[in-house]
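Right, one structure below, let's go through it.
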Amino acid sequence: MDYLQAVVLGILQGLTEFLPISSSAHLRIFPEWFGWGDPGAAFTAVVQIGTELAVLIFFRHDIWRIATTWLRSLRRPEYRGQLDARMGWFIIIGSLPIVVLGVLLKDVIEKDFRSLWIVGTTLIVGGIVLGIADRVGSTEKTLKQLSLRDALLMGAAQACALIPGVSRSGATLSMGRFLGYERETATRYAFLLAIPAVIGAGVFELKEIPHGDNIYGWGPTIVATVVAGLIGYAAIAWLLRYVTTHSYTPFVVYRIALGALTLLLVATGTIAA
Numbered sequence: 001m002d003y004l005q006a007v008v009l010g011i012l013q014g015l016t017e018f019l020p021i022s023s024s025a026h027l028r029i030f031p032e033w034f035g036w037g038d039p040g041a042a043f044t045a046v047v048q049i050g051t052e053l054a055v056l057i058f059f060r061h062d063i064w065r066i067a068t069t070w071l072r073s074l075r076r077p078e079y080r081g082q083l084d085a086r087m088g089w090f091i092i093i094g095s096l097p098i099v100v101l102g103v104l105l106k107d108v109i110e111k112d113f114r115s116l117w118i119v120g121t122t123l124i125v126g127g128i129v130l131g132i133a134d135r136v137g138s139t140e141k142t143l144k145q146l147s148l149r150d151a152l153l154m155g156a157a158q159a160c161a162l163i164p165g166v167s168r169s170g171a172t173l174s175m176g177r178f179l180g181y182e183r184e185t186a187t188r189y190a191f192l193l194a195i196p197a198v199i200g201a202g203v204f205e206l207k208e209i210p211h212g213d214n215i216y217g218w219g220p221t222i223v224a225t226v227v228a229g230l231i232g233y234a235a236i237a238w239l240l241r242y243v244t245t246h247s248y249t250p251f252v253v254y255r256i257a258l259g260a261l262t263l264l265l266v267a268t269g270t271i272a273a
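Residues in the sequence shown are numbered from 1 upward in steps of one, following UniProt numbering.
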C-alpha cells in the first residue's frame, strides 16, 4: 500500500509543484483526507528533488549557458555585463533568503507550520495576493530588465514558501507581477530560482528519510520522486504555454476554494489539524 500511496503523492507533487497552488499544501492536505497521515516534511522535501530534476532537464540549455557564462565572468571582465552572467548572480543571491531562513526555522517549519489551520489560511491569503498582483501588475519588464534588487525581492518572496500553502512559484510570481514583469518572464525566473533551494533542501533532508517524521521508507520515497519528475516535466511545458495567453485567475479561485474547504473540514473535526 505504501507504494500505491507513493505513486499518488508523486503524481500530486508533479502536478502542483510548478503551478501557483502549493505542492507542499497538497502533500499535507490530501493524505489527511485519505486517512494516510502526514507524510512528513522530509518526504515532501526529497520528493521535490524529482520535480527540480525535471526543471534541470527542461531548461538544460539555458542552465548550461548561464552556468558557463557566469564562470567565465569570474575570470574575464568582458563577460560580466552579459545577461547570462548576471542571471547566475541573480539566482545565487535570490536563493539566499530561503536558505538562511530554512536553516534557522527548520524545527518550526517541520512542526508548527504544518498545521492545517495554517495551510488553509495561507492558501486563501496567497490566492488573494496572487489575484491582486496579476490584476494590478504591468507586463512591461522582460528577463533582460531583471535587476539585482528585483531578483532579491523575488527571492525574499520565495522564502515565504517555507510555510506550506504559500507556494514557491505563487509567491515568486506575485512579487514578479507587482514589480511589473510579464507572466512568462516571472514564471521562467521562478523555475530557475527554485533550483538551488529545492535541491539543497531535499539533499539536506535525505538523512531524515529512514527516521524523523517520515512515514515512508526509501523505496516509496524514491518511487514518489521519480513519478513527480516525470509528471513535473509535462507540467512545466503546459504552464509556460498557458501563461503566455492566460491570467492566473483559475489558480486564485482554486486556492481560495481549497483553503476554505480545508478550514471547514478542520473546524468540523472531519480531519485533524
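Positions of the beta carbon are idealized from the N, C-alpha and C atoms, including for glycine.
Can you give me the Cβ contacts of residue i inside the same chain, cut-off strictly under 8 Å, excluding the 5 residues immediately before and after it?
i	result
Ile-128	Val-252, Ile-256
Val-7	Val-223, Ala-224, Val-227
Report all residues from its chain with a CB closer than 7 Å to the CB of residue i; omit the five preceding and five following residues, and keep chain order.
i	result
Ser-167	Pro-20, Ile-21, Ser-22, Gly-126, Ala-161
Leu-265	Ile-271
Tyr-254	Ile-21
Ala-25	Val-119, Leu-123, Pro-164, Gly-165
Gly-200	Val-99
Please return the same chain residues whose Cβ sits closer than 6 Å to the Cβ of residue i, not counting the five positions on each side in sequence.
i	result
Glu-32	Ile-271
Gln-82	Thr-69
Ile-109	Leu-162
Ile-29	Thr-262
Leu-105	none
Taking the alpha-carbon of residue i as reference, which of the options has the nearest alpha-carbon?
i	options	result
residue 275	Gly-81, Gly-37, Ile-91, Gly-14	The structure shown does not extend to residue 275, since the chain spans only 1 to 273, so no value can be given for it.
Arg-72	Gly-88, His-61, Phe-59	Gly-88
Gln-5	Asp-38, His-61, Asp-62, Ala-25	Asp-38
Leu-193	Ile-132, Leu-146, Ala-234	Leu-146
Ala-228	Ala-25, Thr-16, Gly-50, Ile-29	Gly-50
Arg-65	Ala-260, Arg-86, Arg-75	Arg-86
Gly-94	Phe-30, Phe-59, Leu-153, Arg-60	Leu-153
Phe-34	Asp-2, Lys-144, Ile-63, Arg-60	Asp-2
Arg-149	Lys-111, Leu-179, Ile-63, Ile-199	Leu-179
Thr-245	Thr-185, Ile-195, Gly-217, Phe-58	Thr-185
Residue i and residue j look like a contact to me (Cβ under 8 Å); what is the Cβ gap, rounded to whole Å?
i	j	result
Ala-151	Phe-90	4 Å
Thr-139	Glu-78	Thr-139 to Glu-78, Cβ: 32 Å. No contact.
Ala-54	Gly-232	4 Å
Gly-137	Arg-177	3 Å
Trp-117	Ala-273	5 Å
Ala-234	Ser-174	24 Å between Cβ atoms; not a contact.
Leu-56	Ile-63	6 Å
Phe-18	Ser-247	About 17 Å; that fails the 8 Å criterion.
Tell me whether residue i counts as near the ligand SAM, meaning its Cβ is closer than 7 Å to at least one heavy atom of that ligand.
i	result
Ile-93	With respect to the ligand SAM, the structure shown offers nothing to examine, as it has no ligands at all.
* Asked: Which residue spans inside the stretch 214-255 form an unbroken alpha helix (DSSP H) run of at least 4?
  -> DSSP runs (the alpha helix (DSSP H)) wholly in the stretch 214-255: 218-242.
* Asked: In the stretch 26-105, which residue ranges form an unbroken alpha helix (DSSP H) of at least 4 residues, counting only runs that do not cross its ends?
  -> 41-58, 60-75, 83-104
* Between the stretch 91-106 and the stretch 151-161, do three or more beta carbon pairs fall short of 8 Å? -> yes
* Is there contact here, the stretch 232-252 with the stretch 113-123, by at least three beta-carbon pairs under 8 Å? -> Short answer: they don't touch.
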